[in-house]
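One structure below.
Protein chains: 2
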Amino acid sequence: MNVSILSIGNELLNGFTLNSNSLWVGKTLTNLGCSISMQITVKDEEKDIIYGLDTLLKSKPKFIIITGGLGPTDDDITRQVIFKYVGSDTKFDRGYWETLSERYLENGIIISESNKNQAIVPTTGSIIPNPIGSARGYMFSIQNTKLILLPGVPMEMESMMKNTVVPFIKKSIKKFLLIKTFRTTGFPETIIMEKVKRILTSNHNSNIGYYPSLYGVDVRISSYSRKNLDELSEKVSIALGDKIYSEGEKNIEEIIVQKLIEKKKTISIAESCTGGLISHRVTEVPNSSKVLKGGQIVYSDDAKINNLGVDEKIIHSFGAVSSQTAASMANRIKSLYLTDYGLSATGIAGPGGGSKKKAVGLVYIGLAFGDQTKVKKLKLGSERSKNKIRTSQHALNYLRTAIPI
Amino acid sequence: MNVSILSIGNELLNGFTLNSNSLWVGKTLTNLGCSISMQITVKDEEKDIIYGLDTLLKSKPKFIIITGGLGPTDDDITRQVIFKYVGSDTKFDRGYWETLSERYLENGIIISESNKNQAIVPTTGSIIPNPIGSARGYMFSIQNTKLILLPGVPMEMESMMKNTVVPFIKKSIKKFLLIKTFRTTGFPETIIMEKVKRILTSNHNSNIGYYPSLYGVDVRISSYSRKNLDELSEKVSIALGDKIYSEGEKNIEEIIVQKLIEKKKTISIAESCTGGLISHRVTEVPNSSKVLKGGQIVYSDDAKINNLGVDEKIIHSFGAVSSQTAASMANRIKSLYLTDYGLSATGIAGPGGGSKKKAVGLVYIGLAFGDQTKVKKLKLGSERSKNKIRTSQHALNYLRTAIPI
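Taken in order, these protein sequences are the chains called C and U.
Whatever position you read off the first sequence (first residue = 1), add 62 for the working numbering.
Whatever position you read off the second sequence (first residue = 1), add 62 for the working numbering.
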């Protein structure tokens, strides 16, 4: 079943705001078995919104999800444009206005007159309740397509999708697209693809895509046939082996937290160049408090020596960015926090700070467990933010491969 | 000058990959003075790519930036589709193939046969070099529009834009759109808008947009007239006062690092519920090592007591999520790392872990400096990831307002 997405907002076009809504809607509806046929982003202007709608309607999707421009401010014109487009009159919903005013008062806020346009309702179509905000959504039929209008505030859009739109769309789905994802890290796209190609037969009847990112390469197989999908998945799983950290959508931090909980093991993390990112990623996972006891950000030699307890001589002889320092950091954090694993990262994140001997992007990862200590050296690029992400991914993968299956 | 963006890739539609390229291109070209009139995302399929191009060409933009589908794998069909669309024959560029093979060998990799299609070149149009990857870009003229094809790998796309495309587009710009952004945090969109509206006169002749996010509300003024922009900006600056943390595009962590460097002050951070996010954000800023000495992630009572040194009695009497613990955390981290400021956050990030007395989303932020300690209480929602972001933003803003101007 085909669905299209119309994203409305100057801020999405001029690079002010990331279009995370279209990602979320795409993912949610794809997992439901829909095929997203096209996505268009237009300005908050009547003629653009209409042109976008006209374009999407031509391919006759079952649904068009429209997000953005339902807020209370003057630049929010979606409501009036779409009401006009579908030929609906409007009225003022006094009941909703009163509810809204009361809800605001409960939170100690006197409602603004600007919110009044959020109580304007169409005389045709239906209303989609907003459980957490003031902008309600709307649904209209036009030809054989349903237009679904939702606010652009991600939390509100998501909760309205979950509560009303998804259950409604589910009813119309007959043929479910099945998807299996294999997530790998540490190898380039072409290597992964060739490993997969080697086991492919001509009649696998599935679709295979390769998606590289800073986190690694994801291999995604999709098919409408369970049998085809399962057969191919098994082969791919064997071909890629331990390169796969996740069969499914889970990211590496979720896999690690899950594995450590199962094994009843704990970790602590000492971060220099990643500056807290590894710990941040681990603590994105619910229940991570069961495995992460704590960590230190040691962003100066002082902190490495005085707070973490790395031997001053190691830093002076080998430098803060060295395999010796990485090893000591991992050992020290493990001792200080009394954990099973101690993970560390030290490097030159860039863009400055490099030298002839030690270039920007030089990173060491340390891992201590039992009485072992391992160190891995990485040579990354010159962009700080990307180096932090890459290092965190390598470090988490290093930890993953050390946890017994 | 109008520019449109065509993003190609199933992964962008099915919610697998965030379309960060369109954000980056939008921002880069907007800052150059272009107006992004529309953005379309289509599947890796010939008819979709053509429909997308046809749609964008109708509004006659000066440039269409096309990203994605130039990789070496089978699903990368952009090259052949566009060559056909513009009516160009192709040939095999043996010289480039040899260069590519050598470059791979230098990195110890034998080039894959799949990369061969990256050495296919058109007989018309021109080639855009790729300084860091194997997929080169292309430029074609069609009617009065220039089509610019770039790979979808963000780093490669960005470097090709910077090196070749931006300098080229710059030459065509006559009328520059001027933009001024005011970034605020801690107040809802309607409050910010009403404060601005109060000072607006009818003849300001500028465009004003309000952009709420988890980080606060950004107010963006744009105009082609320097005089109009400056006059209105001055008024908005006065109307919003200290609510503004940044005049321009800088985020709060950049502002803080800059301010602390100027004042020659240092910070340390003790994080519980934010799990490293505050430190991660600060260390995203180049030169943050001049101000951040280090920090601790204290994700367990043990870590708070034994590693950070919060008095056991405080935790037992008031709980780990309390104003007393937040205050002690800020003081302890400041003492341990010998910094001017000590910042802390403790709370219940969710989704679990709440109780009748202490609901999910309850957070305390602590700040210690000189002999003062301040604590701020927040009541946030139930989503872990959003609570972490909101808390980090409040904490950084709390620190910002404490640094003398």
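Heads up, the beta-carbon is just placed ideally off N, CA and C, and yes, glycines get one too.
Inset, instruction - Could you spell out the range, first to last residue, of the beta strand (DSSP E) harbouring Glu309/C? - result: On the first sequence, residue 309/C is found 247 positions in, with the first residue counted as 1. Looking at the DSSP string, the run of the beta strand (DSSP E) that includes Glu309/C is 306-309.
Inset, instruction - Could you list the residues in the stretch 393-425 of chain C with a C-beta less than 7 angstroms from some C-beta on chain U, going in chain order? - result: The stretch 393-425 of chain C vs chain U, Cβ under 7 angstroms: Leu398, Tyr399, Pro413, Gly414.
Inset, instruction - Count the other CB atoms, across all protein chains shown, that sit within 10 Å of the CB of Gly310/U; report buried if there are 16 or more and exposed otherwise. - result: Residue 310/U sits at position 248 when you count from the first residue of the second sequence. With fewer than 16 Cβ atoms within 10 Å of its Cβ, Gly310/U is classed as exposed.
Legend entry - Coarse secondary structure for Asp280/U, derived from DSSP in three states: Reading the second sequence from its first residue, position 218 is the one you call residue 280/U. It is a strand residue.
Legend entry - Extent of the continuous alpha helix (DSSP H) run through Ser150/C: Taking the first residue of the first sequence as 1, we reach residue 150/C at position 88. Element bounds for Ser150/C: n/a, residue is neither H nor E.
Inset, instruction - Run down chain U in chain order and give the residues with a C-beta less than 8 angstroms from the C-beta of Asp110/C. - result: As a working mapping, residue 110/C is identified with position 48 in the first sequence. Ordered by position in chain U, the residues that pass the 8 angstroms Cβ test against Asp110/C are Ser99, Met100.
Inset, instruction - Give the secondary structure of Leu370/C by DSSP, where H, G and I count as helix, E and B as strand, and everything else as coil. - result: By one-based count along the first sequence, residue 370/C stands at place 308. Three-state result, Leu370/C: helix.
Inset, instruction - With Ser406/C as the anchor, note down where its beta strand (DSSP E) starts and where it stops. - result: Mapped onto the first sequence, residue 406/C falls at position 344. Segment 403-409, the beta strand (DSSP E) holding Ser406/C.
Legend entry - Closer than 7 angstroms at the beta carbon, the chain U residues around Thr117/C: The sequence position of residue 117/C within the first sequence is 55, counting from 1. Under the 7 angstroms cutoff, chain U gives Thr117.
Inset, instruction - Report yes or no: do the stretch 179-190 of chain C and the stretch 150-162 of chain C share at least 3 C-beta pairs separated by less than 8 angstroms? - result: yes
Legend entry - Chain-ordered chain U contacts of Lys89/C [CB-CB under 9 angstroms]: By one-based count along the first sequence, residue 89/C stands at place 27. Listed along chain U, the residues sitting closer than 9 angstroms to Lys89/C by beta-carbon distance are Asn76, Gly77, Phe78.
Inset, instruction - Output the boundary residues of the beta strand (DSSP E) element that contains Pro184/U. - result: Counting from 1 along the second sequence, the entry for residue 184/U is found at position 122. Here the beta strand (DSSP E) through Pro184/U covers 182-184.
Legend entry - At least 3 beta-carbon pairs within less than 8 angstroms: the stretch 418-429 of chain U vs the stretch 440-450 of chain U: Here the stretch 418-429 of chain U lies against the stretch 440-450 of chain U, with 3 or more beta-carbon pairs under 8 angstroms apart.
Inset, instruction - Go to Asn179/C, then tell me how far its beta strand (DSSP E) extends in each direction, as first and last residue. - result: Here residue 179/C refers to the residue found at position 117 when the first sequence is read from its first residue. Element bounds for Asn179/C: n/a, residue is neither H nor E.
Legend entry - Per-residue DSSP class, three states only, for Val104/C: Numbered from its first residue, the first sequence carries residue 104/C at position 42. Strand.
Inset, instruction - Answer yes or no: does any C-beta atom of chain U fall closer than 9 angstroms to that of Pro123/C? - result: Numbered from its first residue, the first sequence carries residue 123/C at position 61. Answer no: the Cβ-Cβ gap between Pro123/C and chain U never drops below 9 angstroms.
Inset, instruction - Check the DSSP bridge columns for Thr345/C and list the partner residues they point to. - result: What you label residue 345/C is simply residue 283 of the first sequence in a count that begins at 1. Per DSSP, none; premise fails for Thr345/C.
Legend entry - Against chain U: residues of the stretch 221-233 of chain C by CB proximity under 9 angstroms: none
Inset, instruction - May I have the straight-line CA-CA distance separating Glu107/C from Lys325/U, to the nearest angstrom? - result: The residue you call residue 107/C lines up with position 45 of the first sequence. The residue you call residue 325/U lines up with position 263 of the second sequence. Computed Cα separation, rounded: 45 angstroms.
Inset, instruction - Pull up the DSSP beta-bridge partners for Ile189/U, would you. - result: Taking the first residue of the second sequence as position 1, residue 189/U is located at position 127. Its beta-bridge partners are Tyr200/U.
Legend entry - Residues of its chain near Lys333/U, where Cβ-Cβ distance is below 6 angstroms and the 5 sequence neighbours each way are ignored: Here the question's residue 333/U lines up with position 271 in the second sequence. The amino acid occupying residue 333/U in the given sequence is Glu; Lys does not appear at that position. Excluding residues within five positions, the ones whose Cβ falls inside 6 angstroms are Ile340, Ile359, Ala407.
Legend entry - N- and C-terminal bounds of the alpha helix (DSSP H) containing Asn269/U: Here residue 269/U refers to the residue found at position 207 of the second sequence. Element bounds for Asn269/U: not the alpha helix (DSSP H) but the beta strand (DSSP E), 269-275.
Legend entry - Min CB distance Arg452/U to chain C below 9 angstroms: Within the second sequence, the letter at position 390 stands for residue 452/U. Answer no: the Cβ-Cβ gap between Arg452/U and chain C never drops below 9 angstroms.
Inset, instruction - Whole angstroms is fine: what's the gap from Tyr307/U's alpha carbon to Asn93/U's? - result: Residue 307/U sits at position 245 when you count from the first residue of the second sequence. Residue 93/U sits at position 31 when you count from the first residue of the second sequence. Their backbone Cα atoms lie some 21 angstroms apart in a straight line.
Inset, instruction - Compare the C-alpha of Asn290/U against each of Asn269/U, Glu315/U, Asp363/U, Ile127/U and name the closest. - result: Position 228 of the second sequence holds residue 290/U. Out of Asn269/U, Glu315/U, Asp363/U, Ile127/U, Asn269/U has the C-alpha closest to the C-alpha of Asn290/U.
Inset, instruction - Could you spell out the range, first to last residue, of the alpha helix (DSSP H) harbouring Gln320/C? - result: Reading the first sequence from its first residue, position 258 is the one you call residue 320/C. Counting along the chain, the alpha helix (DSSP H) containing Gln320/C begins and ends at 314-325.
Inset, instruction - Kindly list, in the order they appear in chain U, the residues whose Cβ is closer than 7 angstroms to that of Ala464/C. - result: As a position in the first sequence, residue 464/C is number 402, starting the count at 1. Ordered by position in chain U, no residue passes the 7 angstroms Cβ test against Ala464/C, which lies about 20 angstroms from the chain.
Inset, instruction - Can you have a look at His378/U and say buried or exposed, based on whether 16 or more other CB atoms are within 10 angstroms of its CB? - result: Position 316 of the second sequence, counted from the start, is the residue given in the question as residue 378/U. When all chains shown are included, His378/U counts as exposed.
Legend entry - Validate contact between the stretch 212-228 of chain U and the stretch 246-253 of chain U using beta carbons, cut 8 angstroms, 3 pairs: no
Inset, instruction - Give a yes or no on whether the minimum CB-CB distance between Thr103/C and chain U is below 9 angstroms. - result: Position 41 of the first sequence, counted from the start, is the residue given in the question as residue 103/C. Answer yes: the Cβ-Cβ gap between Thr103/C and chain U drops below 9 angstroms somewhere.
Legend entry - Nonlocal neighbours in the same chain, by C-beta distance under 8 angstroms from Asp137/U, ignoring five residues either side: Within the second sequence, numbered from 1, the residue matching residue 137/U stands at position 75. Closer than 8 angstroms at the Cβ level, and outside the excluded window around Asp137/U, lie Asn72, Asp106, Gly131.
Inset, instruction - Mind checking which residues open and close the beta strand (DSSP E) that includes Glu164/U? - result: For the purposes of this step, residue 164/U is taken as the residue at position 102 of the second sequence. No beta strand (DSSP E) holds Glu164/U; the alpha helix (DSSP H) holding it covers 156-168.
Inset, instruction - For Gly357/C, I'd like the list of residues in its chain whose CB is within less than 7 angstroms of its CB, leaving aside the five on either flank, ordered along the chain. - result: The sequence position of residue 357/C within the first sequence is 295, counting from 1. Setting aside the 5 residues that flank it on each side, Gly357/C is surrounded in the same chain by Ser330, Ile331, Ala332, Glu333, Ser341, Ile395, each with a C-beta closer than 7 angstroms to its C-beta; the list follows chain order.
Inset, instruction - Quick one: give me the first and last residue of the alpha helix (DSSP H) that Ala388/U is part of. - result: Against the second sequence, residue 388/U aligns to sequence position 326. Where Ala388/U is concerned, the enclosing alpha helix (DSSP H) stretches over 385-399.
Legend entry - chain C contacts from the stretch 364-383 of chain U (Cβ-Cβ distance under 9 angstroms): Asp364, Ala365, Lys366, Asn368, Asn369, Leu370
Inset, instruction - Go through the stretch 95-142 of chain U residue by residue and report every complete run of the beta strand (DSSP E) that reaches 3 residues or more, in order. - result: 97-104, 125-129
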